[in-house]
Amino acid sequence: MKRSMSSVLALVTLAAAGCGYRFAGTGNRLPVDVHTIGFGPVRNATREVRIEKQFLEAFEDEVSARGKLKVVPASEADVVLSGAVRDYLSRPVSYSRNDVVLQYQATVAVDLELRRRDNGKLLWKTIAQRETQDYSAVPGVVVTSSSQFQQNTVNAADLGQFTDIQLSESQRREANEKLIETLAREVYNQMMEDF
Numbered sequence: 000m001k002r003s004m005s006s007v008l009a010l011v012t013l014a015a016a017g018c019g020y021r022f023a024g025t026g027n028r029l030p031v032d033v034h035t036i037g038f039g040p041v042r043n044a045t046r047e048v049r050i051e052k053q054f055l056e057a058f059e060d061e062v063s064a065r066g067k068l069k070v071v072p073a074s075e076a077d078v079v080l081s082g083a084v085r086d087y088l089s090r091p092v093s094y095s096r097n098d099v100v101l102q103y104q105a106t107v108a109v110d111l112e113l114r115r116r117d118n119g120k121l122l123w124k125t126i127a128q129r130e131t132q133d134y135s136a137v138p139g140v141v142v143t144s145s146s147q148f149q150q151n152t153v154n155a156a157d158l159g160q161f162t163d164i165q166l167s168e169s170q171r172r173e174a175n176e177k178l179i180e181t182l183a184r185e186v187y188n189q190m191m192e193d194f
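So this is what it looks like as structure tokens:
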């Protein structure tokens with residue numbers, strides 16, 4: 000017996016809906032009465048200046064963009080996120096044959112918990128959640144046609160004017176921004192859906 004294409008498509012759609020599949024960040028595993036989030040202290044346990052503030056700003060942007068929770072002062076929030084940026088490391092991962100560093104990898108890790116403000120009940124926790132981002136250290140290994148470089152603030156025509164140290168620092172700042180944004184997105188997804 001032959002099935003029509005529309006009936007097969009309908010069965011596949013029903014099966015996908017029945018298994019509970021949805022896109023990351025679209026669910027909400029928090030209690031139904033939680034509508035607002037505030038930020039408690041997030042400690043910086045690293046030597047990277049202001050990284051905790053960068054994370055909180057990126058996380059606030061992520062929460063605001065998703066629209067499921069409203070960011071309010073911690074003293075007025077249903078739930079409060081707090082914790083620490085526990086680790087930040089930028090280390091060389093690629094060298095030339097003359098032992099010149101060509102590429103670095105930045106890694107950041109956080110310990111966070113989400114608690115109800117009224118009774119302190121723990122709703123969600125993550126320990127050592129980690130993200131990494133690679134970046135180039137010298138002009139010869141910067142791929143100016145890559146999508147990553149195209150989003151950069153450095154102009155390809157100006158690369159030759161930078162010293163290796165200047166370029167490396169510029170690339171490190173850009174990599175840190177992307178790293179923190181990715182971490183904020185992943186923390187949000189895990190907090191909301193426990194992926």
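Reading the sequence shown from the start, the letters are residues 0 to 194 in numbering that gives the first Met the number 0.
No residue lacks a Cβ here, since even glycine has one placed at the ideal position from N, Cα and C.
Q. Looking at VAL99 and GLU51, is the spacing between their C-beta atoms short of 9 Å?
A. no
Q | DSSP-derived helix/strand/coil call for VAL186 | A | helix
Q | For ILE179, the three-state DSSP class (helix, strand or coil) | A | helix
(Q) For TYR134, count the other beta carbons within 10 Å of its own beta carbon; 16 or more makes it buried, fewer makes it exposed. Which is it? (A) buried
Q | GLU130 to MET190 span [Cα, whole Å] | A | 16 Å
Q. In or out: GLU75 buried (at least 16 other Cβ within 10 Å) or exposed?
A. exposed
**Q.** For ARG49 and ALA136, the rounded distance between their alpha carbons
**A.** 23 Å
(Q) To test your reading of the DSSP string, which unbroken alpha helix (DSSP H) runs of 4 or more residues are found completely within the region 40-82? (A) 50-65
**Q.** Rounded Cβ spacing between VAL41 and LEU55 (contact assumed at less than 8 Å)
**A.** 6 Å
Q. Less than 9 Å separating the beta-carbons of LEU80 and ILE36?
A. yes
Q) Does the beta-carbon distance from ALA174 to GLU61 come in below 9 Å? A) no
Q. When the Cα atoms are used, what is the spatial distance from LEU113 to THR106?
A. 23 Å
Q: For ALA57, count neighbouring C-beta atoms within 10 Å of its own C-beta (all shown protein chains included) and say buried if the count is 16 or more, exposed if not.
A: buried
Q | First and last residue of the uninterrupted beta strand (DSSP E) at LEU29 | A | Counting along the chain, LEU29 falls outside any beta strand (DSSP E), and DSSP gives it neither H nor E.
Q.
Measuring straight from C-alpha to C-alpha, what distance separates ARG90 and GLU176?
A. 17 Å
(Q) So if DSSP puts GLU130 in a beta bridge, which residue, or which two residues, is it bridged to? (A) VAL107
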